[in-house]
Amino acid sequence: MKDYDIIHHVRGESQFIDDINVPDGTLFAYVFYSPSAHGKIKSLDLSIANSMKGVKSIITFTDIPGENQIGGIVPDEPLLAENEVHFIGMPVAIVVAESKFIAKEASKNIKIEIEPLPVITDPREAFKKGDLTIPPRIFSRGDTENAWKDCDVIIEGDCESGGQEHLYLETQGAFAYPMEGGSVKIISSTQGPTAVQKVAARILGVPMNKIEVEVLRLGGGFGGKEDQASPWAAMAALAAVKLNRPVKLILPRHEDMIMTGKRNPYSSDFKIGLTKDGKIIAFEATYYQNSGASADLSPAILDRTLFHCTNSYYIPHVKATGYCCRTNLPPNTAFRGFGGPQGKFVIECAIFKAAEKLGIDASVIQKKNLLKEGDEFHYGQKALNVHTENTWSLAEEKFQAETIRKRVKKFNDENKNFKKGFAFMPICFGIAFTNTRMNQANALVNIYSDGSVSYSTGAVEMGQGVNAKIKEVVSRVFSVPHDLIKTEPTNTTRSANTSPTAASSGADLNCNAVYSACNIILERLKKSALEEIRQKDIDKIEMKDGVVYYNKEKTNLKWHELIETTYSKRVSLSAHAHYATPGIHFDRETNKGNPFAYHVYGTAIIEATVDCLRGTYKIDSVRAVHDFGNSLNPVIDLGQAEGAIMQGIGWMTIEEIIYNNDGKLLTDLLSTYKVPDLHFAPKEMEIIFHGKPNAAGIFQSKAVGEPPLMYGIGAYFAILNAVKEFNPGKEFKFSAPITPEKVLMNLYKSSESDKLPSAKGKQLETA
Ligand code: MTE
Ligand code: MOS
């Protein structure tokens with residue numbers, strides 16, 4: 003089955019935060035936020051709002067009993083503004099009322115006076131002022147300084163990649179209710195229940211054991227709820243404790259878009275040196291990450307950019323420098339790929355430009371520099387079981403790259419107003435949290451005396467199908483059908499100290515923990531079964547399709563009977579187990595080590611057609627050979643790959659986030675922020691499973707959540723190649739997303755008009 007959740011979804015039975023049947027007396031909260039991007043709060047007048055009928059309380063930072071601090075990596079983010087505001091959308095006060103409508107109405111009557119301070123939205127400007135959230139990070143290998151003299155060509159350039167709105171269907175929200183003795187139970191739409199627990203405990207000034215967090219499922223997270231679900235949950239908990247009533251806080255879509263952070267935009271410089279025939283000798287890049295107003299997860303995201311700055315290429319001399327630049331935008335955060343896509347975009351721009359200079363096809367350089375078995379990454383890890391070259395050759399062969407090339411050329415020769423382009427996009431993505439200590443998980447498995455099974459882990463279901471995969475593990479170990487197994491909601495009292503479901507590691511970590519827990523019980527069951535069938539050799543016992551086998555022979559002992567007698571013998575039918583990814587380590591001083599359990603590889607070919615009168619385009623096809631390992635669930639994995647690819651294409655093409663110079667989000671509605679829909683999706687999407695067993699994954703599978711997103715980068719270059727067919731002499735400034743507006747500008751801009759200042763500012767200047 004694809005995913006047991008699907009049935010509930012199509013019947014409208016799946017519960018999300020807003021579907022919870024709330025008890026009588028539940029109150030509703032709305033968050034009043036800063037209308038300016040930077041300034042000093044001169045006055046805050048709550049009197050009119052407070053006097054409105056149905057308003058129960060307006061909570062400000064002075065009501066926080068604990069610490070007004072939610073920063074996870076760097077303690078630089080208050081839950082509620084104190085004396086200063088740092089971005090439009092920064093929470094200032096929580097209005098709690100009898101209905102959500104009253105709460106929102108009341109917030110309109112809050113008066114705030116802010117003395118403006120300078121607003122910075124550009125990361126390079128923040129860098130010039132020295133405004134960084136953490137010290138610079140540098141990853142290097144070899145000696146780039148001295149390597150340039152060995153290069154036949156050296157190309158320098160810069161590029162920009164934009165932000166991306168998560169647009170989870172379920173907006174941020176939480177429901178909190180006070181329990182006995184100062185405890186609080188929070189139901190949250192979060193990828194990180196433990197993160198919510200920690201933040202709520204900090205805000206309330208209570209130990210973590212007083213906070214219980216539960217998650218049934220999310221209507222999507224995509225990284226946006228890894229850390230940024232915590233503030234809303236903490237606010238609901240704060241209000242619940244203060245008023246001793248249940249409180250629901252759900253962000254309306256518009257507010258969610260304004261108040262929450264997005265994918266980090268990057269502005270980067272690169273320098274690449276090659277031999278005449280396209281061998282890359284040295285690569286240097288500087289990444290100015292737009293972190294937003296506080297650190298949030300941005301330092302970890304920057305690290306992943308530095309890890310993946312060479313994509314799937316072996317480059318002997320590398321120097322990558324990254325800056326987390328503080329700006330007056332909402333704190334940017336995790337988004338599928340977690341800095342990896344931003345890093346890969348830069349090296350692909352460098353290769354594109356180098357290819358132009360050398361007068362060869364970019365794919366020649368890409369192919370020539372692919373990682374080989376045993377090559378060392380610039381962070382010291384050896385590349386093992388590498389599938390770069392073989393996925394590339396398979397893609398060339400299965401998708402008939404030569405035929406595509408000829409077909410595209412013929413089309414371009416025959417058409418003036420439409421042009422086609424295509425691009426190869428290889429990927430390589432490391433699997434594990436780069437913060438080694440996060441690579442652990444635990445699980446609780448119970449078998450009830452009637453033979454039914456339940457399991458509970460730290461994994462959060464957000465549509466990626468992690469629970470279907472975990473269920474598959476339980477089902478395989480006990481050899482019982484899926485419908486005998488129940489997935490319990492993720493809960494911090496059953497699974498403590500868990501990492502967020504992120505870094506594509508949710509399945510690997512939690513499946514492994516469940517696997518151990520199931521095997522602990524299985525050993526007890528086998529022992530019990532031996533007694534029942536009066537045999538001696540435990541290694542000859544096997545469970546198969548709900549029946550005990552001995553020495554490959556079916557016995558009369560069935561699953562339900564075995565459970566019942568084992569219970570009667572007073573043997574535990576429950577187990578809790580822990581898993582820690584083996585063999586990983588990383589030294590953050592030298593930036594060397596073995597940070598990843600393994601890597602995921604693959605190669606895609608993407609084709610696009612540009613309408614050269616209008617600047618509009620279509621992505622015609624995406625074809626990929628992707629490394630899934632031995633897929634645990636091919637239907638889910640295919641869905642993950644297709645969804646990730648569309649999200650990657652959206653980021654590179656039509657999804658454009660625009661803030662004006664005052665730090666105001668202009669694309670704050672679905673009428674101004676466009677995501678790919680069915681009509682935009684490529685007509686052809688073909689994904690070939692490159693299924694080589696992966697010893698480091700659960701049942702030899704591989705993580706799948708994030709890596710395929712990066713194939714989307716190929717769409718950018720496919721479009722650019724088509725534009726080049728129309729306007730060959732033109733030099734391109736790399737700026738993603740390559741919206742139809744930018745395409746149009748580049749189709750008709752001569753090199754001369756490039757030099758003129760643009761009236762509309764940077765956003766529209768480049769492609
Ligand atoms: N798929 C769906 N449908 N919804 C999501 O929110 N999140 C992605 C990916 N796939 C997401 C998704 C992200 S950002 C990650 S890190 C992984 O799923 C997390 O789940 P996993 O670790 O179980 O793969
Ligand atoms: Mo995914 S960005 O690691 O939640």
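In terms of the working numbering, the sequence shown has 219 at position 217, counting the first letter as 1, and numbering is strictly consecutive.
All C-beta atoms, glycine included, are put in the ideal place defined by N, C-alpha and C.
| Asked | Found |
| --- | --- |
| heavy atom of the ligand MTE below 6 Å from threonine 503 C-beta | yes |
| Valine 479 to isoleucine 449 span [Cα, whole Å] | 13 Å |
| Near the ligand MTE: methionine 440 beta-carbon under 6 Å from a heavy atom | no |
| DSSP-derived helix/strand/coil call for valine 725 | helix |
| Histidine 10, DSSP secondary structure in three states | helix |
| Per DSSP, cross-strand counterpart(s) of isoleucine 156 | Gly275 |
| Cβ separation of valine 243 and valine 186, assumed to be a contact under 8 Å, to the nearest whole Å | 6 Å |
| Selection from Gly207, Thr288, Glu69, Phe337 that minimises the alpha carbon distance to phenylalanine 167 | According to the sequence displayed, residue 167 carries glutamate and not phenylalanine. Of the candidates Gly207, Thr288, Glu69, Phe337, the one whose C-alpha sits nearest the C-alpha of glutamate 167 is Phe337. |
| First and last residue of the uninterrupted alpha helix (DSSP H) at alanine 646 | 636-654 |
| Residue from Glu609, Met464, Ser53 whose Cα sits closest to the Cα of histidine 11 | Met464 |
| For arginine 143, three-class secondary structure by DSSP | strand |
| Aspartate 47 to isoleucine 114 span [Cα, whole Å] | 6 Å |
| Range of the contiguous alpha helix (DSSP H) that encloses asparagine 748 | 742-750 |
| Rounded C-alpha distance that separates aspartate 124 from alanine 51 | 36 Å |
| Within the stretch 233-314, ranges of the beta strand (DSSP E) (whole runs, at least 3 residues) | 249-252, 268-276, 282-294 |
| Proximity test, methionine 712 beta-carbon vs the ligand MTE heavy atom, cut-off 6 Å | no |
| Cα-Cα separation, tyrosine 661 to proline 343 | 21 Å |
| Proximity test, glycine 617 beta-carbon vs the ligand PLP heavy atom, cut-off 6 Å | Inclusion of the ligand PLP in the displayed structure is not the case, the ligand content consisting of the ligand MTE and the ligand MOS alone. |
| Beta-carbon proximity of glutamine 230 to threonine 262, cut-off 7 Å | yes |
| Distance cut-off 6 Å: phenylalanine 309 Cβ against heavy atoms of the ligand MOS | no |
| Check whether leucine 711 and alanine 646 have beta carbons under 7 Å apart | yes |
| Three-state secondary structure (DSSP) of aspartate 613 | strand |
| Cut-off 7 Å between Cβ atoms - residues of its own chain near serine 109, not counting five sequence neighbours on either side | Tyr32, Phe34, Ala51, Val97 |
| beta-carbon arginine 338 near the ligand MTE non-hydrogen atom, thresh 6 Å | yes |
| Collapsed DSSP secondary structure at tyrosine 170 in the structure displayed | coil |
| Any non-hydrogen atom of the ligand MOS within 6 Å of glycine 165 CB | no |
| Straight-line Cα distance separating glutamate 350 from glutamate 657 | 20 Å |
| Residue environment, threonine 592, which counts as buried when at least 16 other CB atoms sit within 10 Å | exposed |
| Cβ separation of proline 584 and glycine 432, assumed to be a contact under 8 Å, to the nearest whole Å | Not a contact, Cβ separation roughly 16 Å. |
| Distance, tyrosine 381 Cα to alanine 322 Cα | 11 Å |
| Any non-hydrogen atom of the ligand MTE closer than 6 Å to phenylalanine 224 Cβ | yes |
| Residue range of the unbroken beta strand (DSSP E) whose run includes proline 428 | 420-433 |
| Backbone secondary structure at serine 101 - three-state DSSP | coil |
| Through-space distance from valine 550 to glycine 324, alpha-carbon basis | 58 Å |
| Assigned secondary structure, alanine 445 (DSSP; H/G/I helix, E/B strand, else coil) | strand |
| Where glutamate 688 sits in the DSSP three-state scheme | strand |
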